[in-house]
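A short worksheet on the structure shown next.
Chains as they are written, first to last, in this note's numbering: chain X, 121 to 547; chain C, 121 to 547.
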């Protein structure tokens with residue numbers, strides 16, 4: 121056992137492990153409580169960076185944005201019609217139309233400001249700037265050009281009618297986005313409309329990923345007996361990036377205390393969050409709890425959930441760490457519970473598994489009281505079926521599944537035919 | 121009017137426009153019907169590409185994937201304990217324990233296969249390969265090492281107990297993903313686990329974007345009267361990319377028939393979808409319907425929705441085109457209705473505005489029968505308020521909003537206090 125020589129490792133005899141196993145995770149707590157503990161310990165990212173507005177999509181503003189101009193920025197027509205002086209239209213009706221002189225036209229894109237004289241009308245298209253002296257637009261349906269020079273109008277218009285003010289959309293000095301606003305596509309459009317070329321945003325959270333496991337090999341290696349390809353890590357990478365994080369480190373490491381400790385020490389201080397997989401249970405090579413205790417502390421060590429019990433949340437060498445179990449299903453369930461929470465705290469972005477829907481259960485499902493069961497379901501005729509195979513190591517039970525059903529700690533299960541709220545694993 | 125000289129343009133006199141305005145969009149149809157028409161005309165992307173599995177996240181498989189190996193690939197222990205021959209344990213109990221000789225140990229990561237002899241037990245950790253001749257694992261809790269060489273066991277185990285088969289997760293020749301499966305993080309993990317280094321996927325849909333409008337200028341230009349920054353285009357770009365598309369072209373163009381026609385001609389055949397903004401209404405410079413009719417056809421010209429009525433769906437120079445209105449709110453609403461539909465048809469990815477939730481209305485909202493109203497709401501104490509300012513040109517009514525309420529064509533509105541289903545604009 122490599123660990124016996126380690127200065128970092130409190131030697132655990134096999135008999136000690138037995139008692140560890142018997143008492144299980146003495147500090148096991150509910151998932152919700154564990155999430156709250158994580159939230160209590162997480163720190164805001166305070167570093168900011170100034171970026172081009174065109175790169176600001178899905179970034180979080182580090183200060184509020186105040187408009188220094190109005191939008192649209194000029195008084196414009198809200199209709200296709202004729203710009204008029206409203207007082208020239210008073211009394212017009214179908215039976216007693218008023219004639220105005222057509223003195224010009226203005227279109228969207230015309231940059232020369234026209235001037236309206238008394239008794240005249242200027243053809244105007246929707247969105248075109250209102251001529252000087254005009255105070256209303258009469259809609260095309262309410263008048264007729266009886267010849268090239270003469271407009272006959274059939275109704276009067278009040279001052280301001282069919283005119284959009286220059287600050288109809290945004291006023292000068294208006295707070296258009298508050299600090300921490302996440303820039304979505306239409307937000308980007310508003311920033312660009314205001315001519316804002318750069319914005320200050322929080323830098324992306326930096327994540328370090330470490331797969332631990334002496335059995336792990338790279339995808340291009342020939343597997344020896346007992347070896348498996350390191351597959352959690354690439355999945356965690358893409359999921360983290362999807363949530364707006366930057367991958368600062370991504371490595372694989374054998375189950376050796378010194379080696380793991382060295383890697384964590386290298387990562388710490390150079391990232392906001394360390395994510396590890398493996399070594400979180402109570403077997404002979406499960407070193408994560410020890411390493412974290414020795415070089416930091418853990419606030420959560422095991423949660424009352426199935427699958428996914430052996431997860432550790434704490435800090436190591438001063439940096440936040442979420443140590444996921446090595447078994448893939450358990451790893452991804454805890455990723456969803458803890459890593460998504462942390463990354464969304466920083467980035468505010470969407471993740472998978474957020475859509476809820478209702479399904480009818482085609483089978484009864486039992487659950488241990490005191491444990492939150494994470495049950496995979498698959499779409500079936502007239503309801504949802506259980507995914508046949510279970511176990512924290514069975515990745516295909518997740519890739520086959522359409523829904524995740526959470527059976528809370530206080531429930532002992534659901535009867536066949538129950539309508540339950542589930543989360544969609546896929547769109 | 122530039123268009124008068126255009127060989128592509130059927131001259132429309134201003135009086136013709138008036139009748140066009142009066143009859144409105146004669147072919148106006150409901151949004152749902154228009155979406156179905158788009159779906160009838162959209163073609164599958166058939167070109168595929170072979171990419172690294174590590175780039176396969178959010179890509180759609182172009183053929184099914186069959187495993188050529190089993191997972192985990194070897195028989196392994198499901199528990200920490202001792203590998204035994206089950207028949208050596210028969211009859212063991214607390215009162216009459218059986219002693220076995222401890223002949224070795226095996227851990228995760230050990231690549232040498234051990235062999236179990238009769239009457240012996242081998243220490244084994246969860247996930248470690250089962251020794252030859254062993255057929256069960258006795259849990260650590262059900263036995264005790266009375267000395268270094270001797271294990272005393274207190275219960276019997278049946279053959280296969282606490283052993284995971286080599287194909288427990290995936291069997292050889294199993295179809296693990298069908299054609300058209302979208303690769304999500306856990307799917308990526310399964311592919312990597314199986315040692316699959318490359319996958320065949322459909323290429324990304326290619327989109328061409330054209331903002332039309334003589335009033336449009338770049339963000340770094342000094343605005344003259346009536347000019348506005350081209351802000352729809354960058355927003356459409358990021359939203360398209362978010363949906364898995366590649367931007368083949370992204371350009372701005374004045375309201376001139378020849379110019380627009382040339383651009384569309386350049387794009388067509390070099391992309392899967394052309395998205396334009398502007399020129400879709402019935403004003404003097406609204407050329408899109410004419411250009412599309414002249415060089416292709418439109419299946420949809422106007423839908424009964426507010427805001428967002430002037431939208432055109434068709435094909436031009438043989439390529440699918442979705443011509444969005446120029447006003448930003450109307451553009452984004454139609455983007456959601458049509459562009460998201462098309463891109464999701466190809467990519468299967470998630471978009472914004474997909475989450476539904478229920479809110480209570482703090483105000484009554486009226487709606488014209490026959491029109492689908494897209495109402496922006498904002499989170500408020502004890503319910504949702506209407507966003508004060510309306511109009512297709514008011515982008516800030518979208519950036520301020522938290523929810524989108526759709527009032528169907530057959531309803532005349534909702535009373536204050538109604539509980540309504542809304543779509544979340546933000547997470």
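For each residue, glycine too, the CB sits at the ideal point set by N, CA and C. On a predicted model such as this, the values are computed, not experimentally measured, just so you know.
Close-in-space but distant-in-sequence residues of the same chain around residue i (CB under 6 Å, 5 per side omitted)
{"i": "residue 277/C", "result": "206, 209, 256 and 258"}
{"i": "residue 512/X", "result": "427, 447, 449 and 450"}
{"i": "residue 465/X", "result": "162"}
{"i": "residue 198/C", "result": "282 and 284"}
{"i": "residue 224/C", "result": "234 and 242"}
{"i": "residue 439/X", "result": "388 and 394"}
Residues of its chain near residue i, where Cβ-Cβ distance is below 7 Å and the 5 sequence neighbours each way are ignored
{"i": "residue 289/X", "result": "191 and 192"}
{"i": "residue 200/C", "result": "245, 246 and 260"}
{"i": "residue 456/C", "result": "473"}
{"i": "residue 310/X", "result": "296"}
{"i": "residue 419/C", "result": "157, 161, 433 and 434"}
{"i": "residue 470/C", "result": "none"}
{"i": "residue 385/C", "result": "437"}
Residues sharing a beta bridge with residue i, DSSP
{"i": "residue 534/C", "result": "485/C"}
{"i": "residue 161/C", "result": "DSSP lists no partner for residue 161/C."}
{"i": "residue 369/C", "result": "328/C"}
{"i": "residue 421/X", "result": "432/X"}
{"i": "residue 360/C", "result": "Paired residues: none, contrary to the question."}
{"i": "residue 444/C", "result": "397/C"}
{"i": "residue 498/X", "result": "505/X"}
{"i": "residue 322/X", "result": "168/X"}
{"i": "residue 249/C", "result": "196/C"}
{"i": "residue 267/C", "result": "270/C"}
{"i": "residue 336/X", "result": "348/X"}
Buried or exposed (CB count within 10 angstroms, at least 16 for buried), residue i
{"i": "residue 508/C", "result": "exposed"}
{"i": "residue 539/C", "result": "exposed"}
{"i": "residue 213/C", "result": "exposed"}
{"i": "residue 252/C", "result": "exposed"}
{"i": "residue 452/X", "result": "buried"}
{"i": "residue 547/X", "result": "exposed"}
{"i": "residue 143/C", "result": "Low local confidence applies: a pLDDT of 36 at residue 143/C is under 50, so the model's placement there is unreliable, with the coordinate-based value given in what follows. Per the 10 Å Cβ criterion, exposed."}
{"i": "residue 535/C", "result": "exposed"}
{"i": "residue 196/X", "result": "buried"}
{"i": "residue 390/C", "result": "exposed"}
{"i": "residue 537/C", "result": "exposed"}
{"i": "residue 357/X", "result": "buried"}
{"i": "residue 490/C", "result": "exposed"}
{"i": "residue 329/C", "result": "buried"}
{"i": "residue 164/C", "result": "exposed"}
{"i": "residue 398/C", "result": "buried"}
{"i": "residue 338/X", "result": "exposed"}
{"i": "residue 364/C", "result": "buried"}
Whole-number beta carbon distance between residue j and residue i, since they are thought to touch under 8 Å
{"i": "residue 162/X", "j": "residue 462/X", "result": "6 Å"}
{"i": "residue 485/C", "j": "residue 498/C", "result": "The Cβ separation is near 13 Å, so there is no contact."}
{"i": "residue 313/X", "j": "residue 349/C", "result": "5 Å"}
{"i": "residue 442/X", "j": "residue 393/X", "result": "7 Å"}
{"i": "residue 529/X", "j": "residue 155/X", "result": "Actually they are not in contact, since the Cβ atoms of residue 529/X and residue 155/X sit about 14 Å apart, beyond 8 Å."}
{"i": "residue 353/X", "j": "residue 331/X", "result": "4 Å"}
Nonlocal neighbours in the same chain, by C-beta distance under 8 Å from residue i, ignoring five residues either side
{"i": "residue 430/X", "result": "145, 400, 401, 402, 406, 422, 445 and 450"}
{"i": "residue 292/C", "result": "187, 188, 189 and 190"}
{"i": "residue 318/X", "result": "170, 171, 172 and 173"}
{"i": "residue 478/X", "result": "539, 540, 541 and 542"}
{"i": "residue 202/X", "result": "220, 222, 241, 242, 243, 244, 257, 258, 260, 263, 271 and 273"}
{"i": "residue 379/X", "result": "373"}
Residue i Cβ short of 6 Å to the ligand NAD heavy atom set
{"i": "residue 351/C", "result": "You won't find the ligand NAD in this model; it holds no ligand whatsoever."}
Counting Cβ pairs closer than 8 Å, one from the segment 292–306 of chain C and one from the segment 341–350 of chain C, do we hit at least three? no
Segment contact, 8 Å Cβ cut-off, at least three pairs: the segment 177–184 of chain C with the segment 317–325 of chain C: yes
Inspect the CB distances between the segment 168–178 of chain C and the segment 243–252 of chain C and report whether three or more fall short of 8 Å. no
Relative to chain D, which residues along the segment 218–248 of chain X have a C-beta separation below 9 Å, given in chain order? In the displayed structure, chain D is absent; the protein chains listed are X and C.
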